[in-house]
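Below you'll find the structure, written out as structure tokens, and then a few comments.
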Amino acid sequence: MTDQPRRMRIVHLAEAKAHRDPITMLTAYDAVSSRIFDEAGIDMLLIGDSIGMTMFGRETTIGVELDEIIVATRAVARGVKRSLIVSDLPFGTYETGPAQCLDSAVQLIKAGANAVKFEGGVAVAEQIKACTDHGIPVVGHIGFTPQAENALSGPRVQGRTDDGADRLVEDAYAIQEAGASAIVLELIPQAVAERITKILEIPTIGIGAGPHTDGQVLVWTDMAGIGDWRPSFAPAFGNVEGALRDAASSYIEAVKSRAFPTREHSF
Ligand code: KIV
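Under this note's numbering, the letters of the sequence shown match residues 17 to 283, in that order.
Right, dumping it as structure tokens:
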């Protein structure tokens, strides 16, 4: 017997789907937040390219570099004992073909990821197969795919028409057939997410895709109530922004009033 919690492995994703046990996933970008989420019991942590917006203040995810994800992956891996770590391949690091994709994915696995995620369906099936053939688990990502936001004209719900929904189903199948272990469904109607979840053997993880997916993922800063705007599908589950501001204000006040440090904080 050991006190160590069970390490989440790829095999446990399929088990969770079979047992209808909802999979929980949050983004994480550093050792501090990943340790906290890991201790809270999160199943999967995603070093998402959302790091470009949430942590680096960019307008979109498009400028994110592989090196930035590598540094964040190393940090997250240091904070984690249990969760399955998934790292995003940023825009421009996998599209040209299987060799480019494999090269990028290897770097993320070496940095501590257990799996990689990248956007697209049929168009990236060869890339998914190249990774899975070489022992690198893949999480797919369809629906609104932020790296394609120029082509999609911004964050819009995808698959609203019958044709659009059928295309998503086709993409989902292609991802499964290529050997992926799970698939993120972002910003699609709940009925389409339910349809995909029912026909796929691999688990679906939804964000803005309703309640019928096998799991849910949120950007952690949205989940924790940081920032004055969040998407309508992402309620705040806490007020970390308020707590952090209060702590900073108390510290400033204590220093200004010379209430801190006292003798007990001194040597
Ligand atoms: O980069 C990210 O945070 C993501 C999630 C929104 C799924 O891809």
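The beta-carbon is built from N, C-alpha and C at its ideal position, and this holds for glycine as well.
Quick one: grab the DSSP three-state call for A32. In the three-state DSSP reduction, A32 falls in the helix class (H, G or I).
Taking DSSP as the reference, what is the three-state secondary structure of A181? Under the three-state reduction of DSSP output, A181 falls in the helix class.
Which residues share a DSSP beta bridge with M41? In DSSP, M41 forms a bridge with M60, V233.
Judging by CA-CA distance, which residue of P219, G226, I218 is the nearest neighbour of I204? Considering only alpha carbons, the answer is G226.
Spatial neighbours of G159 within its chain, please: C-beta separation below 6 Å, excluding the five flanking residues on both sides. The residues are Q174, L201, E202, L203, I204.
Counted within 10 angstroms of its Cβ, other Cβ atoms place M17 as buried (16 or more) or exposed: In this prediction, M17 scores a pLDDT of 45, lower than 50, which makes its location untrustworthy; no coordinate-derived value is stated.
For G95 and Y110, I'd like the C-alpha separation in whole angstroms. About 27 Å.
Considering only the alpha carbon of each residue, which of G57, H150, L184 lies closest to V122? Among G57, H150, L184, the Cα nearest to that of V122 belongs to H150.
At a cut-off of 8 Å, is L118 close to the ligand KIV when judged by its beta-carbon and the heavy atoms of the ligand? Incorrect: L118 has no Cβ contact closer than 8 Å to the ligand KIV.
S66 Cβ short of 8 Å to the ligand KIV heavy atom set: Yes, Cβ of S66 sits closer than 8 Å to a heavy atom of the ligand KIV.
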